[in-house]
Structures are given as structure tokens and as C-alpha cells.
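Here's the structure we're looking at; comments come further down.
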Amino acid sequence: MSAYGRSRWWLGSLVSLVCALPGLARAQGSHFLIEPQSGVVWSEGAGGNTAWGVDAGALLAIGGKIRGFPPRFYAFVKGTHTVAALEDRSRSTSLGEIALAHSYGKTVGGARVVIPLFSCLRLNLEMGFGELFSTHTYRETGLRAVSYSVDRDVMEMGLGLSLRIHPLWSFGVMAEHLVSLDRAPFGGQASGTPSERLALSSMRGTVGFHF
């Protein structure tokens, strides 16, 4: 399937999910959510070392609750991008310093379930599918940097807590784990792109605007 075809498939899936929620929109309360988020993202680098970075993005969601049933359901789409690349450095007596940096951008659509715990504390559960756009850069002392870009299909799961301390806004923290559903192409492997299925984890803070 082409990149254009995959984009149409993700968009069609999200629209179908939104259309499946007409009963939720009739429940009382807010139905739209805008949630800026930023945090730390990491993955296992070469030799088992952990490469760290920072990302930022936002989530847009629509949903509501079924009357008499506490959980609230949302269909969402979100995008994030690394603002400080994940970088794994090593030093060789013959090659000098070697660095492999990874920058990622992603677009994911899926569903979130918000479960009231007590008072204003909420448990957030997420699952989504989408596209990861990655750029991998290899640097070696004395040589020109080599970069390669590749797009990969991904699945992401999230678990978090939020405090709904006002009807219009909330604060929270979300832990997420993303895995690729395909392998990097051969050309990407040659320039440092992970050849196995990619896995990224993140911990980010969120600010939600409800209306």
C-alpha cells in the first residue's frame, strides 16, 4: 500500500470511529479535548545503551459518556515530533567518536477511555495506530554525516493519570509505548536505521482543555 493509501486508510478509520459515537455526544459535559503534551522519549541504542530525547505535540479528541455509565470514551488523533533527537554515542580508538541520532515524528489515531477513580483523579487508557516518520543520522569523526529517512506503520499503547481540577482544564501524565508493525527497508539498515521492529517509550506531561 502506498503512503497516500495508508494516509487515506488511517483517516477513514478515524472518521468511522467518530461516526460510531453519536449516542455519546448526547451525554452531559464536555465532548471536545485539546491536549498539548511534551516529555522524554527513549529507546535502546547500539550495544544495549539507552538513547534519550525530548518530544512535543498535541492530541485532538471528540467523545463523551453513556448516561449512567461512569467511563468517558474519546476518538482521537495526535501528532508529536522530537525536539531534541535521541542520540547514542560511543568512542573508538581507531574511528574516534561515533554518534547515531534518531529524530521522529508521528501521527496516530485511536481511542481513549477515561475512568473516574475518586474525586478529580482519572485513569486514561489509550490504543492507536498510525505512521512514524523517522530520520537517522550517522556521524563519525572526520567524515561527513550520513542521513536516511523512512516511514513505518506503528501501534501505540498508553496509560496515564489526570487531574480534572476544573470543568475546562486538567493536568496529567501519560506513559506510552510504541512499536513498529514492519521492518526497515534494506537501504535504511545500511545507514543505521534499526533493522528489527522499532520500539519507543515515552513519559510526558499533558495539559487538557475541555469544551
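Numbering follows my numbering, with no gaps: position 83 of the sequence shown is 149.
Backbone N, C-alpha and C fix where the C-beta goes; we use that ideal spot for every residue, glycine too.
What you are looking at is a predicted structure, and each value in this text was computed from that prediction instead of being measured.
- Figure out for me which residue from F142, Y140, R133 and A122 has the closest Cα to the Cα of A150. What you label residue 150 is simply residue 84 of the sequence shown in a count that begins at 1. When F142, Y140, R133 and A122 are compared, the shortest CA-CA separation from A150 is found for A122.
- In the segment 126 to 159, which residue ranges form an unbroken beta strand (DSSP E) of at least 3 residues, counting only runs that do not cross its ends? Runs found: 138 to 150 and 152 to 158.
- Have a look at W235, Y204 and V174 and flag the residue whose alpha-carbon is nearest the alpha-carbon of E222. Translated into the one-based positions of the sequence shown, residue 222 becomes position 156. The option with the nearest alpha carbon to E222 is V174.
- Task: Take W118 and list the residues in its own chain whose beta-carbon comes closer than 7 Å to its own, dropping the five residues that flank it on each side.
- Result: As a first step, residue 118 is located in the sequence shown; it is residue number 52 there, counting from the start. Result list for W118: V106, W108 and L152, in chain order.
- Query: Between L191 and A167, what straight-line distance do the alpha-carbon atoms span, to the nearest angstrom?
  - Reply: Taking the sequence shown and counting its residues from 1, the one referred to as residue 191 is at position 125. Taking the sequence shown and counting its residues from 1, the one referred to as residue 167 is at position 101. The straight-line gap separating the alpha-carbon atoms of L191 and A167 is approximately 31 Å.
- Task: Measure from the alpha carbon of I231 to the alpha carbon of each residue in V143, T116 and R188, then state which is nearest.
- Result: As a position in the sequence shown, residue 231 is number 165, starting the count at 1. Considering only alpha carbons, the answer is R188.
- Beta-carbon proximity list for H97, same chain, < 7 Å, skipping 5 on both sides: Residue numbering aside, residue 97 sits at position 31 when the sequence shown is read from its first letter. Around H97: A91, I128, G129 and G130.
- Item | Buried versus exposed, by CB contacts within 10 Å (16 or more), L99 | If you number the sequence shown from 1, residue 99 lands on position 33. Classification for L99: buried.
- Message: Just to confirm the assignment, what range does the beta strand (DSSP E) spanning L189 have?
- Response: If you number the sequence shown from 1, residue 189 lands on position 123. It spans L187 to E206 - the beta strand (DSSP E) in which L189 sits, taken as one unbroken run.
- Return the CA-CA distance between K172 and Y214, expressed in angstroms with no decimal places. Locating residue 172 in the sequence shown gives position 106, counting from the first residue. Locating residue 214 in the sequence shown gives position 148, counting from the first residue. Here the C-alpha atom of K172 lies approximately 17 Å from the C-alpha atom of Y214.
- Query: Beta-carbon separation of C186 and L225 under 9 Å?
  - Reply: Position 120 of the sequence shown, counted from the first residue, corresponds to residue 186. Position 159 of the sequence shown, counted from the first residue, corresponds to residue 225. Contact flag unset, no.
- Local conformation of A211 per DSSP, three classes: For the purposes of this step, residue 211 is identified with residue 145 of the sequence shown, where counting begins at 1. If DSSP states are grouped into helix, strand and coil, A211 belongs with coil.
- Given a cut-off of 9 Å, decide if R270 and S246 are closer than it, judged by their beta-carbon atoms. Here the question's residue 246 lines up with position 180 in the sequence shown. Here the question's residue 270 lines up with position 204 in the sequence shown. Judged by beta-carbon spacing, R270 lies beyond the 9 Å limit of S246, meaning their Cβ atoms are not closer than that value.
- Query: Who are D121's beta bridge partners in DSSP?
  - Reply: Reading the sequence shown from its first residue, position 55 is the one you call residue 121. Looking at the DSSP output, D121 shares a beta bridge with G105 and T148.
- So what's D219 in DSSP terms, helix, strand or just coil? Numbered from its first residue, the sequence shown carries residue 219 at position 153. Of the three classes helix, strand and coil, the one that applies to D219 here is strand, per DSSP.
- What do you reckon, are the CB atoms on T203 and S236 nearer than 9 Å? Position 137 of the sequence shown, counted from the start, is the residue given in the question as residue 203. Position 170 of the sequence shown, counted from the start, is the residue given in the question as residue 236. The answer is no: Cβ separation not under 9 Å.
- Nearest CA to the CA of A141: which residue from S200, T148 and M193? Taking the sequence shown and counting its residues from 1, one reaches residue 141 at position 75. Closest by C-alpha distance to A141, out of S200, T148 and M193, is M193.
- Task: Would you mind working out which of L183, V143 and L198 sits nearest R249, comparing C-alpha positions?
- Result: By one-based count along the sequence shown, residue 249 stands at place 183. That would be L198, whose Cα lies nearest to the Cα of R249.
- Helix, strand or coil: which one does DSSP assign to L247? Numbered from its first residue, the sequence shown carries residue 247 at position 181. Correct three-state label for L247: coil.
- Task: Helix, strand or coil for R263, going by three-state DSSP, please let me know.
- Result: Position 197 of the sequence shown holds residue 263. If DSSP states are grouped into helix, strand and coil, R263 belongs with coil.
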